[in-house]
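With the numbering used here applied, the sequence shown corresponds to residues 899 to 1196, in that order.
Note that beta-carbon positions come from the ideal geometry of N, C-alpha and C, so glycine has one too.
The structure displayed is predicted, hence computed values, not measured ones.
Report on the following structure.
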Amino acid sequence: MEMNSSACPVCGYHQFKVAFATKDYFFTGKDFTVNACIKCGMLMTAGLHPGKDLSVYYKSEQYISHSDTRKGIVNRIYHLVRNIMLRRKHRMVCSVSGLKTGSILDIGTGTGYFPAFMKSKGWQATGTEKSEEARKYASEKQDILVYDEEKLFSLPAASYDVVTLWHVMEHLPNINQHWQVISKILKPDGVLIIALPNVKSWDARHYGPYWAAWDVPRHIWHFSPKHVKELGKKEGFRLSRTMRMPFDAFYISIMSEKYKQSSFPVLKGMFYGKLSWFASLYNKKRCSSLIYVFRKIS
Ligand SMILES: [Zn+2]
899 MEMNSSACPV CGYHQFKVAF ATKDYFFTGK DFTVNACIKC GMLMTAGLHP
949 GKDLSVYYKS EQYISHSDTR KGIVNRIYHL VRNIMLRRKH RMVCSVSGLK
999 TGSILDIGTG TGYFPAFMKS KGWQATGTEK SEEARKYASE KQDILVYDEE
1049 KLFSLPAASY DVVTLWHVME HLPNINQHWQ VISKILKPDG VLIIALPNVK
1099 SWDARHYGPY WAAWDVPRHI WHFSPKHVKE LGKKEGFRLS RTMRMPFDAF
1149 YISIMSEKYK QSSFPVLKGM FYGKLSWFAS LYNKKRCSSL IYVFRKIS
């Protein structure tokens, strides 16, 4: 059975059509198809049946969120930007939750930089992470408690003020179950913060199948702002805010230029990244990545 013969996570419909073909440009070079739900238009990578072992697609040393390498100019830029983003995320969590400190769970935390930063600001911060190597790094170098991903489903109810998923939800095969367990572990007035690539962004349209944030097959789900909102509603959440994540346009555009094998990918990527960033100033919904803030419907 293919995942695409099971239900659409947003509307529950069972029929899909081919939207376009792309590749795993990042790692294996394998061909993949992105399908669209016939009823609601939700995009998803085809051929990934539930339970399929995708770990082979995560083995690249370049997968920086996991292996923390500093090789190459793109990764160096990434590490610089990360420090700015950590401060920005902390401010944002405090602002949307209305709390100076509290309890926070970061799902898919990678090497644990974000919970470590939150902990340094007085938050009770933990994470979950699938990769054993990344978990080890987080506990040894960051002094952060990081559970394996299965532990998420046995955490106590109503125990977190904030749950975050920074570019993680697009990777999760059992996406509806994740929304349900998040609803369980959040306090009644808790906040769910999700960052996702935006398929309606300026850079997604500009790069088409070369857009680096398709990132197949690691990205299973490809969200537009409309589909994120609808999925949240289906799972008992209300979208309370949407915010821009403007730096992603640069990184994604540089990677997309590399996938196109263009000459001077960094210069061109910076140029088009800037155009995308500019477009998003006028229309938030054209931003490369967006941050969604959800609250439970009581
Ligand atoms: Zn659908």
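| Item | Value |
| --- | --- |
| Cβ contact check for the region 1077 to 1086 and the region 1028 to 1043: 3 or more pairs under 8 Å | no |
| Alpha-carbon to alpha-carbon, R1193 and L1043 | 25 Å |
| DSSP three-state assignment for K1194, whether helix, strand or coil | strand |
| Ordered list of alpha helix (DSSP H) runs contained in the region 1056 to 1128, each at least 4 residues | 1073 to 1083, 1100 to 1105 |
| Ligand 1 heavy atom lying under 8 Å from the CB of K932 | The residue asked about is misnamed: residue 932 is Val in this sequence, not Lys. No, the beta carbon of V932 sits no closer than 8 Å to any heavy atom of ligand 1. |
| Residues bridged to K915 (per DSSP) | A934 |
| Contacts around Y1157, its chain only, beta-carbon distance under 7 Å, and the 5 residues preceding and following it disregarded | Y923, Y1108, A1110 |
| Residues sharing a beta bridge with Y1180, DSSP | Paired residue(s): none; Y1180 is not in a bridge. |
| Cβ pair count under 8 Å reaching 3, the region 1068 to 1080 against the region 1016 to 1024 | no |
| Near ligand 1: V1126 beta-carbon under 8 Å from a heavy atom | no |
| Whole-Å CB distance - L941 paired with V932, under 8 Å assumed | 5 Å |
| Cβ-heavy atom distance, M1016 to ligand 1, below 8 Å | no |
| S1154 versus V1066: straight-line alpha-carbon distance, rounded | 20 Å |
| Per-residue DSSP class, three states only, for K1049 | helix |
| Residue of K1131, L1188, P1115 minimising C-alpha distance to Y956 | P1115 |
| Nearest neighbour of S1037, chosen from N1096, G1008, S1160 [CA to CA] | G1008 |
| Per-residue DSSP class, three states only, for L1137 | strand |
| For G1025 and L1003, believed in contact at Cβ under 8 Å, the rounded distance | 7 Å |
| Three-state secondary structure assigned by DSSP to A905 | coil |
| From R985, C906, L952, residue whose alpha carbon lies closest to that of K937 | C906 |
| Close Cβ partners of H1117 (< 8 Å) along its chain, the five nearest in sequence each way excluded | T943, E1068, H1069, P1095, A1111 |
| Own chain partners of S1178 with C-beta closer than 8 Å, once the 5 adjacent residues on each side are dropped | S1099, W1100, R1142, P1144, A1147, R1184, C1185, S1186 |
| Paired residues, beta bridge with I1219 - DSSP | Absent from the model: residue 1219. The displayed extent of the chain is 899 to 1196, so no value can be given. |
| The alpha helix (DSSP H) enclosing M990, as first and last residue numbers | 971 to 995 |
| Simplified DSSP assignment, three categories, for S1186 | coil |
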